[in-house]
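Our numbering puts the first residue of the sequence shown at 155, with every later residue one more than the last. The structure appears right after this line, and notes come after that.
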Amino acid sequence: MSEERTPVGGVAVATGHFINNERISSPTTFEDRSPLDWSLKLADVSRGTSHEADLALAAATEAFPDWAKIGVHERGKYLRRLADLIDDNVERIATVECLDMAMLEESLRLRVIARGARNFRAYADLAEHYEPRRWASNGTHNTVLRMPAGPTVVITPWNAPFMLSTWKSAPALAAGNTVVLKPAEWSPLSCSLLMDLVLEAEFPPGVFNLVQGFGEEVGAALVADSRVRRISFTGSPETGRRIGSIAARNLVPFTGELGGKGPFVVYADADLDLAVEKAALMYDDGGQVCLAGTRLIVEESIREKFLDRFATASELHVLGDSRDATTTVSPLIHPAHLARVEGFVDRSIASGDTLIFGGERTTPDGLWYEPTLIEPKSNDAEIVQNEVFGPVLTFQTFADEAEAIALANSTAYGLSAMVFTTDEKKADRFGLGVRAGTVWVNCYLVRDLTAPFGGIGISGIGREGGDYALDFYSDLKTYQLKEETTHG
Ligand code: NAD
155 MSEERTPVGG VAVATGHFIN NERISSPTTF EDRSPLDWSL KLADVSRGTS
205 HEADLALAAA TEAFPDWAKI GVHERGKYLR RLADLIDDNV ERIATVECLD
255 MAMLEESLRL RVIARGARNF RAYADLAEHY EPRRWASNGT HNTVLRMPAG
305 PTVVITPWNA PFMLSTWKSA PALAAGNTVV LKPAEWSPLS CSLLMDLVLE
355 AEFPPGVFNL VQGFGEEVGA ALVADSRVRR ISFTGSPETG RRIGSIAARN
405 LVPFTGELGG KGPFVVYADA DLDLAVEKAA LMYDDGGQVC LAGTRLIVEE
455 SIREKFLDRF ATASELHVLG DSRDATTTVS PLIHPAHLAR VEGFVDRSIA
505 SGDTLIFGGE RTTPDGLWYE PTLIEPKSND AEIVQNEVFG PVLTFQTFAD
555 EAEAIALANS TAYGLSAMVF TTDEKKADRF GLGVRAGTVW VNCYLVRDLT
605 APFGGIGISG IGREGGDYAL DFYSDLKTYQ LKEETTHG
């Protein structure tokens with residue numbers, strides 16, 4: 155065992171893996187840098203291989219039978235203890251995640267990290283309150299039982315790593331599965347802090363493990379292992395396809411929460427102040443939000459009015475250090491991601507799309523990119539059809555409801571959609587017609603943890619949230635008892 159730690163914003167963060175409640179370091183490491191200042195190396199983090207994947211899955215496999223057996227109430231005690239510890243450590247986790255990933259520190263402190271605690275509490279409650287479906291038919295009493303499925307691999311992306319890792323691990327653990335979590339290599343540190351809390355909450359060894367490293371290395375070794383009974387992935391459609399094909403080969407149930415290219419539709423009768431205020435939020439956190447409505451689709455008759463107000467609202471954005479409360483637009487996560495975003499915009503302009511505003515990085519060495527709005531030459535433009543995952547929106551107009559819905563549904567994605575109108579019937583027609591896992595009417599990012607969450611098309615496969623997640627992490631069993639069976 156080795157317990158290597160490095161100070162990050164005054165917090166001592168372990169840089170190794172966490173397996174069987176012990177810290178283990180790899181002989182090789184990778185550098186983790188801060189998007190707030192790329193010259194700042196935060197840590198040398200253990201670079202896991204198939205060796206650490208094997209150790210972690212061996213631990214999860216050994217711990218599984220006892221964790222499954224103790225039942226939902228006992229498991230709930232661990233989950234609630236962990237939730238309380240997250241609440242006690244919000245400041246530390248927010249400090250580290252802000253430096254590591256550059257999400258706005260205030261929203262990390264006030265909402266995002268606390269959501270991690272809510273995830274564990276919500277699933278402790280939901281698992282305990284499961285009412286098995288029971289009915290009589292064919293002379294038998296039927297009951298649907300949820301059986302813990304087994305060791306579960308959870309793989310998360312670099313944006314909102316702490317929240318997403320807890321959102322996926324909490325239902326798996328509540329359902330009685332053991333977990334091996336692999337966070338993204340661009341923001342690995344906040345999940346390491348989570349493991350300190352797992353230890354403090356006195357989880358049994360092997361129940362909740364963490365391995366660090368690259369997707370193609372330790373990630374690929376984890377998903378290919380025959381001991382794995384569930385794979386839960388959040389990330390890009392490309393990686394989702396790759397992992398999904400391995401899951402299919404091993405016949406392992408898999409959920410993929412993948413990319414988004416949400417339509418943000420504004421009808422002429424909308425509360426324009428509200429619509430503009432929400433649209434301007436799409437630049438927050440540098441636009442690195444899968445659920446964002448990145449395609450503004452506005453009724454032709456309010457084109458100029460909307461554009462004027464939206465440009466004014468966008469000018470109010472403050473690009474800066476994510477630790478400052480006044481900052482609204484954080485830098486992009488990594489120079490390679492900045493280059494990707496720049497590439498999208500440069501190709502768009504070169505192909506004849508119209509740049510309405512933005513289109514530049516703001517400093518030669520920083521990772522900030524201006525809030526950008528582009529009017530595409532056609533709906534087939536790459537900038538409309540592909541996820542940019544940066545502060546880059548497109549602007550299109552529509553003549554009538556049919557065209558609004560057709561444009562909304564014109565990409566291969568289907569994660570989220572937003573519509574602004576004061577006409578409830580129009581909203582309903584849009585809501586029924588749009589192809590998206592979540593539709594927000596006159597609002598954005600409102601979430602109920604019991605609701606199903608997921609994507610259609612290349613935005614995903616399967617559903618998280620509420621009982622949908624607990625069903626996924628369980629083997630559902632039909633139990634049939636002949637009516638005349640006597641009590642022994
Ligand atoms: P990514 O697909 O590059 O990586 C995601 C994770 O997969 C990382 O941990 C990575 O190491 C791992 N990985 C990569 N190759 C792997 C392999 N062969 N085997 C196993 N693991 C592998 O995605 P990203 O760039 O980290 O994240 C951005 C993407 O995530 C965007 O498309 C965004 O929309 C999406 N996202 C979706 C949601 C959602 O809920 N639908 C939420 C957040 C982000």
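Don't be surprised by glycine CBs; every beta carbon is placed ideally from N, CA and C. Only a predicted model underlies this, so the values are computations on that prediction, with no experimental measurement involved.
Limits of the alpha helix (DSSP H) - the one that residue i falls within
{"i": "L486", "result": "Looking at the DSSP string, L486 is not in any alpha helix (DSSP H), and its letter there is neither H nor E."}
{"i": "F218", "result": "S204 to K223"}
{"i": "I267", "result": "I267 to E282"}
{"i": "F316", "result": "P315 to A328"}
{"i": "S344", "result": "L343 to E354"}
{"i": "A290", "result": "A290 -> not in any alpha helix (DSSP H); beta strand (DSSP E) instead, spanning R288 to S291."}
{"i": "R449", "result": "Here R449 belongs to no alpha helix (DSSP H); instead the beta strand (DSSP E) covers R449 to E453."}
{"i": "A378", "result": "A374 to A378"}
CB-CB length for residue i against residue j, believed under 8 Å
{"i": "T526", "j": "G506", "result": "Actually they do not touch by this definition, with Cβ atoms about 16 Å apart."}
{"i": "T249", "j": "V307", "result": "With a Cβ gap of about 29 Å, T249 and V307 do not count as contacting."}
{"i": "A467", "j": "E431", "result": "7 Å"}
{"i": "P189", "j": "H488", "result": "7 Å"}
{"i": "T297", "j": "Y633", "result": "5 Å"}
{"i": "N174", "j": "P359", "result": "4 Å"}
{"i": "A329", "j": "R300", "result": "7 Å"}
{"i": "A217", "j": "T332", "result": "5 Å"}
{"i": "L318", "j": "V167", "result": "Not quite, the Cβ-Cβ distance comes to about 19 Å (not below 8 Å), so this is no contact."}
{"i": "F543", "j": "E339", "result": "At roughly 16 Å, the Cβ-Cβ gap does not stay under 8 Å, so F543 and E339 are not in contact."}
{"i": "N533", "j": "Q550", "result": "7 Å"}
{"i": "S502", "j": "I537", "result": "4 Å"}
{"i": "W192", "j": "L521", "result": "6 Å"}
For residue i, the three-state DSSP class (helix, strand or coil)
{"i": "T576", "result": "coil"}
{"i": "L299", "result": "strand"}
{"i": "Q634", "result": "strand"}
{"i": "Q442", "result": "coil"}
{"i": "A197", "result": "strand"}
{"i": "G164", "result": "coil"}
{"i": "S468", "result": "helix"}
{"i": "D427", "result": "helix"}
{"i": "E339", "result": "coil"}
{"i": "G360", "result": "coil"}
{"i": "T640", "result": "coil"}
{"i": "E228", "result": "helix"}
{"i": "F368", "result": "coil"}
{"i": "M155", "result": "For M155, the predicted model reports a pLDDT of 47, less than 50, meaning its position is unreliable and no value from the coordinates is stated."}
{"i": "G410", "result": "strand"}
{"i": "R477", "result": "coil"}
{"i": "D629", "result": "strand"}
{"i": "G497", "result": "helix"}
Range covered by the beta strand (DSSP E) that runs through residue i
{"i": "R395", "result": "Premise fails: R395 lies in the alpha helix (DSSP H), P391 to N404, not in any beta strand (DSSP E)."}
{"i": "K415", "result": "Per DSSP, K415 belongs to no beta strand (DSSP E) and is neither H nor E."}
{"i": "E306", "result": "A small fix is needed here, since residue 306 is Thr in this sequence, not Glu. Run containing T306: T306 to I309, per the beta strand (DSSP E) assignment."}
{"i": "E251", "result": "Counting along the chain, E251 falls outside any beta strand (DSSP E), though it belongs to the alpha helix (DSSP H) covering V244 to M255."}
{"i": "I718", "result": "The shown model of the chain, from 155 to 642, leaves out residue 718, and the question about it has no answer."}
Any non-hydrogen atom of the ligand ATP closer than 7 Å to residue i Cβ
{"i": "A374", "result": "The ligand ATP is not part of this structure, which contains only the ligand NAD."}
Entirely enclosed beta strand (DSSP E) segments - the segment 580-627, minimum 3 residues
As far as the segment 580-627 is concerned, its whole beta strand (DSSP E) runs of at least 3 residues are 592-595.
Please specify which runs of the beta strand (DSSP E), each continuous and at least 3 residues long, are wholly inside the segment 169-194, giving them in chain order.
The segment 169-194 contains these whole beta strand (DSSP E) runs: 171-173, 176-178 and 183-188.
Going along the chain, which unbroken runs of the beta strand (DSSP E) with 3 or more residues stay wholly within the segment 502-576?
Taking 3 residues as the minimum length, the beta strand (DSSP E) runs contained wholly in the segment 502-576 are 508-511, 526-529, 546-552 and 570-574, in order along the chain.
Evaluate the contact criterion for the segment 561-580 versus the segment 589-601: three or more CB pairs, one atom per stretch, below 8 Å.
Three or more beta-carbon pairs separated by less than 8 Å link the segment 561-580 to the segment 589-601, which places the two stretches in contact.
Quick check: the segment 369-389 against the segment 276-286, are there 3 or more CB pairs under 8 Å?
Because the criterion of three Cβ pairs below 8 Å is not met, the segment 369-389 and the segment 276-286 do not touch.
Is the segment 424-439 touching the segment 476-493, taking contact as three or more C-beta pairs under 8 Å?
These segments touch.
When you compare the segment 401-412 with the segment 375-389, are there three or more beta-carbon pairs, one atom per stretch, that lie closer than 8 Å?
At 8 Å Cβ cutoff, the stretches touch.
When you compare the segment 489-499 with the segment 448-458, are there three or more beta-carbon pairs, one atom per stretch, that lie closer than 8 Å?
Result no; under three Cβ-Cβ pairs closer than 8 Å.
Is it true that the segment 213-221 meets the segment 246-266, where meeting means three or more beta-carbon pairs spaced less than 8 Å apart?
These segments do not touch.
Check whether the segment 452-469 touches the segment 610-625, taking contact to mean three or more Cβ pairs, one atom from each stretch, closer than 8 Å.
Touching, no, given that fewer than three Cβ pairs across the two stretches are closer than 8 Å.
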